[in-house]
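Mapping to the working numbering: the sequence shown position 386 is 1641, numbers consecutive.
Worksheet for the structure shown next.
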Amino acid sequence: MGDDSYKTETKKVEYSRGLEGVIIGESTKCFIDGEKGYLAYSGISIEELAEKSSYEEVCYLLLHDRLPSRAELKEFSEELKAYREIPDDVYREIRGSVRYGVHPMAVLRLAVDRLSIFDEEAEIFNPSANYRKALKLISKLNTITAVIGRAIKGLEPVRPRQDLNMAANWLWMFKGELPSKEMEKIFDIILILHAEHEINASTFSARVVISSLTDIYSAVVAAIGSLKGPLHGGANEDVIRLLEEIESGVGNGVSVEDIIISKINKKEKIPGFGHRVYKNYDPRAAILKKIAEKIAEKDENIKRRLEIGKRIEKVMIEKLAQKRIYPNVDFYSGIVMSYLGIEPRMFTVIFATGRIVGWCAHILEQLKDNRIFRPRIIYTGGEKTYISIDNR
Ligand code: ACO
């Protein structure tokens, strides 16, 4: 180079660590007011959707930016149902990978990759083929995750049913028995709450990958890989580990508060707390906490865990008030999922089961007005001269 161009070139653009505050495009899918703790999918508040809607209806809303008519919802749900079956080879992939003790999220990543081989439209890129692939992914991922849930316990898969909605069908495939109406409703709400969340790390990953105009499966595989991490969807699993650690540590004069304060003092991150965008209570956490409170009335284990959870929340909010740290979606979701008989290593997989629609909605939106993502990075490596290998 011989001049300072390497120093100045990348300083022409603003640098934001972790892309904080950077706008990467426009979207009609989701709005978050982090100051107020407000969340809406395509304009409708999450509280209303959790109370009045269904996961299928939310899927339609996110893909079409409007609520369906009764007839449209019926047709849409039927189309999703028609895609429920997965190829035998995907079952084998799942069974094969669980043998090696692979994390369920890694199994999911492998299974979705394998699924792409059996989609004859995988490399057809017109809008209607892309939309169909989105529906196939939403429907088949639901089956795949239930199969993973059984496979990790050494159980044979249970085939999907055509007479159940997505929430009930998932619980049927996972447990091999029909869920109660209460369980079905709770699971439906879990799927709704995880369906979409603006441009988080996994959704951004999906948009970055699809922006090269590769296939949708590649983008979803990338999103699954991103969601798996403990700073993102993986935190829900860590919350239960924290609760277990506290349950076994409390006593002998040590309190929940002592344990949390000691972790804060050691600068440990407490899973299920904090958020890049929310500087107030995550509305999804508030909904899940209410559900946990309701089920705690009839389940002693949930009650005990919830008590601990609330004490952690209190001390976190008090101690980290200046940093405006509140519970996020991952904090109470595990407590609720455990009521449904879902074990911690499956929590992030359930997150993905709901989020698949958000990823697909963003992928289709990106494709409508695509420009490849190609940011810059500041070079800090200095200038060096080439020294021949004999002289190094
Ligand atoms: N526990 C303790 N302190 C925290 C926590 C936490 N959970 N979260 C943030 N802080 C502190 C940080 O230590 C930092 O303090 P400092 O300024 O003194 O260094 C400050 O708050 C800002 O935190 P950052 O890590 O810079 O925030 P960022 O926006 O980069 O990260 C994240 C957000 C990853 C969610 C972070 O809060 C975290 O690691 N939380 C725990 C993991 C978790 O729950 N992830 C799930 C997020 S929601 C989701 O993806 C579904």
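Backbone N, C-alpha and C fix where the C-beta goes; we use that ideal spot for every residue, glycine too.
Taken in chain order, the unbroken stretches of alpha helix (DSSP H) that lie wholly in the segment 1515 to 1599 and span 4 residues or more are 1538 to 1551, 1555 to 1574 and 1584 to 1594.
In the structure shown, the three-state DSSP call for Val-1313 is helix. Residues Leu-1335, Tyr-1338 and Arg-1339 of the same chain have their beta carbon placed closer than 6 angstroms to that of Ser-1394, with the five preceding and five following residues left out of the count.
Fewer than three pairs of CB atoms, one per stretch, sit closer than 8 angstroms, so the segment 1339 to 1357 makes no contact with the segment 1376 to 1385. With a 10 Å radius around the Cβ and a threshold of 16 neighbouring Cβ atoms, Lys-1483 comes out buried. Counting only the Cα atoms, Asp-1537 lies some 9 angstroms from His-1530.
Note that the C-beta distance between Tyr-1533 and Gly-1292 is below 8 angstroms. Arg-1364 counts as buried, since no fewer than 16 other beta carbons sit within 10 angstroms of its beta carbon.
Scanning its chain for C-beta atoms nearer than 7 angstroms, with the 5 sequence neighbours on each side dropped, one finds no residue around Glu-1562. Val-1591 has its CB no nearer than 7 angstroms to any heavy atom of ligand 1. Three or more Cβ pairs drawn from the segment 1611 to 1627 and the segment 1436 to 1453 lie within less than 8 angstroms of each other, which places the two stretches in contact. Shortest gap from the CB of Phe-1528 to any heavy atom of ligand 1: under 7 angstroms. A straight line joining the alpha-carbon of Thr-1469 with that of Asn-1535 spans about 37 angstroms. Annotated three-state conformation of Asp-1288 is strand, per DSSP. In the displayed model, Ile-1379 falls within coil according to three-state DSSP, outside both helix and strand. In the structure shown, Ala-1461 adopts helical secondary structure according to DSSP, grouped into three states. Just so you know, the alpha carbons of Lys-1436 and Ser-1324 end up roughly 24 angstroms apart. Per the coordinates, the alpha-carbon of Asp-1374 lies some 21 angstroms from the alpha-carbon of Ser-1466.
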